[in-house]
Amino acid sequence: MKGFRQIIWLIRKDLALQFRTKDTLILIFVFSILVVLIFSFAFGPIFPDDPEDRAKLAASVLWTAFSFAGIITLNRSFDLERANGAIQGVRLTGVDPSNFYLSKVISTLVFLTMLELIVTPIALQFLEVLDVLPAIVQERLLLTLLKLIGVLAIGTLGFCAVGVIVSGISTSTHGKESLLSVVLLPLIFPVIMAGAKCSVSLLTTGGLEGNFWISILVVYSLVFLASAYLLFEFVIEG
Amino acid sequence: MHKSLWITVLIIFVVFFGLFIRSQVPVIITQDEVFAAIDDAIAETKAQVDKTEVEQVVNKALEKLEARQKKRLKFLVSAYFIIWLIFILYALWLGQTQDQLRKRLDQLEAGR
Amino acid sequence: MTRVQLIGILATLCLFMALYFVFSYAKVEATMLEVQKIFYFHVSSAFTVFIAFGVTCLFSILYLIKRKDRYDMIAVASAELGIVFCTIVLLTGPIWARYAWNTWWNWEARLTSTLILWLMYIAYFILRSALAEETKRVYSAVLGIIAYLNVPIVYFSVEIWQGNLHPSTDTKMNLHPTMVKAWMISWLALSVLYVFLLVLRYQTERLKSQLETIQYQQMEKT
Amino acid sequence: MILLQATQITKRFAHRMVLNGVDLDVQAGEVVAIFGPNGAGKTTLIKILSTLVKPTSGAFQIAGIDAIANPLRVRSSLGVVAHEPFAYLEWSPYENLKFFGRLYGVDALEERIADLLADVELTPFAHEPVRIFSRGMTQRFMIAKALIHDPTLLLFDEPFSGLDVAAKQFVLKLIQQERARGKGLILTTHDTELGYHAASRFLFLLDGQIEPVAEKAEIELTELSRQYEQRLKK
Numbered sequence: 000m001k002g003f004r005q006i007i008w009l010i011r012k013d014l015a016l017q018f019r020t021k022d023t024l025i026l027i028f029v030f031s032i033l034v035v036l037i038f039s040f041a042f043g044p045i046f047p048d049d050p051e052d053r054a055k056l057a058a059s060v061l062w063t064a065f066s067f068a069g070i071i072t073l074n075r076s077f078d079l080e081r082a083n084g085a086i087q088g089v090r091l092t093g094v095d096p097s098n099f100y101l102s103k104v105i106s107t108l109v110f111l112t113m114l115e116l117i118v119t120p121i122a123l124q125f126l127e128v129l130d131v132l133p134a135i136v137q138e139r140l141l142l143t144l145l146k147l148i149g150v151l152a153i154g155t156l157g158f159c160a161v162g163v164i165v166s167g168i169s170t171s172t173h174g175k176e177s178l179l180s181v182v183l184l185p186l187i188f189p190v191i192m193a194g195a196k197c198s199v200s201l202l203t204t205g206g207l208e209g210n211f212w213i214s215i216l217v218v219y220s221l222v223f224l225a226s227a228y229l230l231f232e233f234v235i236e237g
Numbered sequence: 000m001h002k003s004l005w006i007t008v009l010i011i012f013v014v015f016f017g018l019f020i021r022s023q024v025p026v027i028i029t030q031d032e033v034f035a036a037i038d039d040a041i042a043e044t045k046a047q048v049d050k051t052e053v054e055q056v057v058n059k060a061l062e063k064l065e066a067r068q069k070k071r072l073k074f075l076v077s078a079y080f081i082i083w084l085i086f087i088l089y090a091l092w093l094g095q096t097q098d099q100l101r102k103r104l105d106q107l108e109a110g111r
Numbered sequence: 000m001t002r003v004q005l006i007g008i009l010a011t012l013c014l015f016m017a018l019y020f021v022f023s024y025a026k027v028e029a030t031m032l033e034v035q036k037i038f039y040f041h042v043s044s045a046f047t048v049f050i051a052f053g054v055t056c057l058f059s060i061l062y063l064i065k066r067k068d069r070y071d072m073i074a075v076a077s078a079e080l081g082i083v084f085c086t087i088v089l090l091t092g093p094i095w096a097r098y099a100w101n102t103w104w105n106w107e108a109r110l111t112s113t114l115i116l117w118l119m120y121i122a123y124f125i126l127r128s129a130l131a132e133e134t135k136r137v138y139s140a141v142l143g144i145i146a147y148l149n150v151p152i153v154y155f156s157v158e159i160w161q162g163n164l165h166p167s168t169d170t171k172m173n174l175h176p177t178m179v180k181a182w183m184i185s186w187l188a189l190s191v192l193y194v195f196l197l198v199l200r201y202q203t204e205r206l207k208s209q210l211e212t213i214q215y216q217q218m219e220k221t
Numbered sequence: 000m001i002l003l004q005a006t007q008i009t010k011r012f013a014h015r016m017v018l019n020g021v022d023l024d025v026q027a028g029e030v031v032a033i034f035g036p037n038g039a040g041k042t043t044l045i046k047i048l049s050t051l052v053k054p055t056s057g058a059f060q061i062a063g064i065d066a067i068a069n070p071l072r073v074r075s076s077l078g079v080v081a082h083e084p085f086a087y088l089e090w091s092p093y094e095n096l097k098f099f100g101r102l103y104g105v106d107a108l109e110e111r112i113a114d115l116l117a118d119v120e121l122t123p124f125a126h127e128p129v130r131i132f133s134r135g136m137t138q139r140f141m142i143a144k145a146l147i148h149d150p151t152l153l154l155f156d157e158p159f160s161g162l163d164v165a166a167k168q169f170v171l172k173l174i175q176q177e178r179a180r181g182k183g184l185i186l187t188t189h190d191t192e193l194g195y196h197a198a199s200r201f202l203f204l205l206d207g208q209i210e211p212v213a214e215k216a217e218i219e220l221t222e223l224s225r226q227y228e229q230r231l232k233k
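Protein chains in written order, with numbering that gives the first Met the number 0: chain D, 0 to 237; chain R, 0 to 111; chain G, 0 to 221; chain P, 0 to 233.
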């Protein structure tokens, strides 16, 4: 019970600090919009006509933007902990490292899901995806969008499950934070692949029927949540 | 491990490998053999054919087969050559690093 | 003659034996003809990659439990060998692809996953070289475990992502007994080679650490 | 009552021995000053005793519990002041104390925070971000943060460094206060005068080894300074 309350306080701490300065939030928002813009300029103004091709474009843009926004967020988040030895202060309170890990995963997940909620509709509009969606999807547009963000959130959970432990390691290398992307991206390859496939399926059929990619996302998230939960102690305690 | 040892291994590999490849190419089929075989075949089947035409076709077919096989062997040889090169270069590099480390260790030990 | 040299000679002999079995003993396969012979070392290397990274994972776990520097050295040595064998798979794969499909790279499933694997362990080394001395061993052990957990997921998802272009199950069934034997011997030879290179690489790592100790001791004195 | 007992602590960083067989014990109501020059291993020793860094070998108990096997359990009885603030500087002292107090599970937290802030005379700045504080104010905040959960053993690493005279006196006063409350305290410093005033027992830490010097009753400040200078020259 005490552990549960500690997790809640740690999550509140993360969110409060992120919203205190807001610079990370603004940074990743602008960054995601820029990624969308670059893709739009590269493909536009004439986008592929085929709804499936358009959906593929949208999926790749979204997952590129969110993976890199996630990497920026994780770097920032752990910089905050390493700066002034704040994480040592947290360790001294006797918090279980695994609980610290869970709090970090959840706060990063909440943070990135918020970003996804804002950026996804904008990106779909910029890439003119909404106009070419098949009728079956148009009818249930809101539902599809919610499902899409749901898929993005599950993918982000898998991303955070690995990302938190890897950024816990990579931020200990002072001044070489860019390493995180090199180390993390190959590790989360299945997430990006599965997430993009799910997104395409949602945008073209409005559902995930007969799609096992979603189970890969779920399995991946669970496997790495469990193993990183156990391994995080070594990252924090050495 | 000595550098020369590894280079010997590479050379032996190239020689043996060349022999293996050599043994697979059916260049041993000479013109005379082809003629003899065609004569035999015509005699056996008692078919009414233009002998020279058949000879030309058979020779052409053989050439084509040989060319294709040469292409295949080129792929095969390059693949195995790369494999061996990587192994030997890696082992050489390891041996060299070890030699250097040992040399510096000896120097330091002697300096004490 | 040291034990290492003995293993080295054994590995070389095994490799030549494997070559004999591959080129003279095994029957030529019916559809791919001689090019199929790439398969013996290509697939055996791929298997050795799994073993090598598996050993890294195992010794990473052992290191986290026992904290013996030895285990860390074995883990690193094996990871590097995994990359070497991975490189062989990645170089011979395109040669096969060029003949079979007339293209150097076609995102064939297992080649793609090997590429991801290769990138994963290259990152392992990049990160390791950037880590501070105190945390290096523990952190790379953690990464070694996480990376290996990823292996089956990567293979499974890439397999689904791309239908099977690879000569997988059905051709394997039609393998002539001589081919199976040649393949087993190739695998054995590469395993012995792996052991030999692992010992060499481990020795190098130990020498490095010895040298550093002495250098530090001398710096302390001055 | 023995609060801390350490035996044969060694710490090797890569190939360098930083601590080489340190024995140390602290009783309740005792202030132990560890004198040593920069690089003698004082900070490493404090980090090991505060369970933030694992020793290479050796054992130590805090309040009778094996601190190497159960670091999470002993941390609640430790109060640590180190070089770094170990806190979130974007936050105010109040927010920091509230956050850390909650994690420690402190009862009646609001009153405790108010008392502490009054003790360290930071009440007027309770809601300003710590990032804008002066060195002295930050140090006072750090001490308040270390005391939030009323720990029995305090570990202060160079608590006087970078402070002006008034701030040094203030920290000295706080140390005496905590000692009077029956806490045990270890502080490291290279300043013999301040250490002499603050502590009840003195040790030297030189080349990674502890050399016991004397109890306060047995030695004058001038003698302590002389011995320290002499040891440094060797």
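The C-beta atom is built at its ideal place from N, Cα and C for all residues, glycine as well. Note that the structure is predicted; figures quoted are calculated from it, not measured.
Shortest Cα-Cα distance from Y228/D to any of R75/D, V104/D, I37/D and R11/D involves V104/D. Straight across, the Cα-Cα distance linking A152/D with A68/D is about 14 angstroms. Taking V33/R as the centre and dropping the five residues before and after it, the same chain places the C-beta of E54, V57, N58 and L61 closer than 8 angstroms to its C-beta, in chain order. Of all residues in the segment 9-20 of chain D, only K12, L16, R19 and T20 place a beta-carbon less than 7 angstroms from a beta-carbon of chain P. Contact between F211/D and I159/G holds: CB atoms are separated by about 7 angstroms, below the 8 angstroms threshold. Counting along the chain, no beta strand (DSSP E) covers N83/D, and no H or E run does either. With at least 16 other beta carbons inside 10 angstroms of its own, A195/D counts as buried. Considered as a whole, the segment 144-219 of chain G harbours 168-172 as its complete alpha helix (DSSP H) runs of no fewer than 4 residues, in chain order. In this structure the segment 139-148 of chain P touches the segment 111-125 of chain P; the number of beta carbon pairs closer than 8 angstroms is three or more. Measuring C-alpha to C-alpha distances from Y120/G to each of T72/D, V34/D, F18/D and V181/D identifies V181/D as the nearest.
Judged by beta-carbon spacing, S112/G lies beyond the 7 angstroms limit of I215/D, meaning their Cβ atoms are not closer than that value. Shown here for L202/P: same chain residues with a beta carbon closer than 8 angstroms to its own, the five before and five after excluded, namely L23, V31, A32, I33, F34, I209, E210, P211 and V212 in chain order. Taking 7 angstroms as the Cβ-Cβ cut-off, the segment 188-212 of chain G approaches chain P at E211 and T212, given in chain order. In the assembly as shown, H175/G is an exposed residue. Its beta-carbon has fewer than 16 other beta-carbons within 10 Å. Chain R has no Cβ within less than 7 angstroms of the Cβ of V48/G. Taking 8 angstroms as the Cβ-Cβ cut-off, the segment 97-113 of chain G approaches chain R at R97 and Y98, given in chain order.
If you draw a 10 Å sphere on the C-beta of I45/D, you find fewer than 16 other C-beta atoms in it, and that means exposed. Taking C-alpha positions only, I6/G is separated from F59/P by approximately 46 angstroms. From the beta-carbon of F12/P, the residues of chain G found nearer than 8 angstroms are E132 and E133. Contact between the segment 67-81 of chain G and the segment 181-189 of chain G is absent, with fewer than three C-beta pairs closer than 8 angstroms. Taking a C-beta distance under 7 angstroms as the contact criterion, S166/D and L230/D do not qualify as a contact pair.
For V137/G, at least one C-beta of chain D is nearer than 7 angstroms to its own C-beta. Distance from the CA atom of F124/P to the CA atom of E94/P, rounded to whole angstroms, is 12 angstroms. Assignment of N58/R by DSSP, reduced to helix, strand and coil, places it in the helix class.
Apart from the 5 residues on each side of it in sequence, Q161/G sits with its Cβ closer than 8 angstroms to the Cβ of W106, E107, A108 and T111 in its chain, given in chain order. Residues R127 of the same chain have their beta carbon placed closer than 8 angstroms to that of K135/G, with the five preceding and five following residues left out of the count.
The three-state secondary structure of G57/P, taken from DSSP, is strand. Identification of chain G residues near I215/D by a Cβ-Cβ cut-off of 9 angstroms yields I152, F155, S156 and I159, ordered along the chain. From the listed residues V217/D, C197/D, L207/D and G237/D, the smallest Cα separation to A57/D is found for C197/D. Put simply, the CB of F85/P is near chain D, with a gap under 7 angstroms to one of its CB atoms. The Cβ-Cβ distance between L116/G and I81/R does not fall below 7 angstroms. Taking C-beta separations shorter than 8 angstroms and ignoring five residues to either side along the sequence, the partners of S66/D in its chain run F158, L184, I187 and I191, following chain order. Closest by C-alpha distance to D114/P, out of I147/P, Y227/P and V52/P, is I147/P. Going by beta carbons, L186/P and F155/P fall inside the 7 angstroms limit.
Along the segment 92-120 of chain D, going in chain order, the ones with a CB nearer than 7 angstroms to a CB of chain P are T92, G93, V94 and D95. With contacts defined by Cβ atoms closer than 7 angstroms, L221/D and E89/P do not form a contacting pair.
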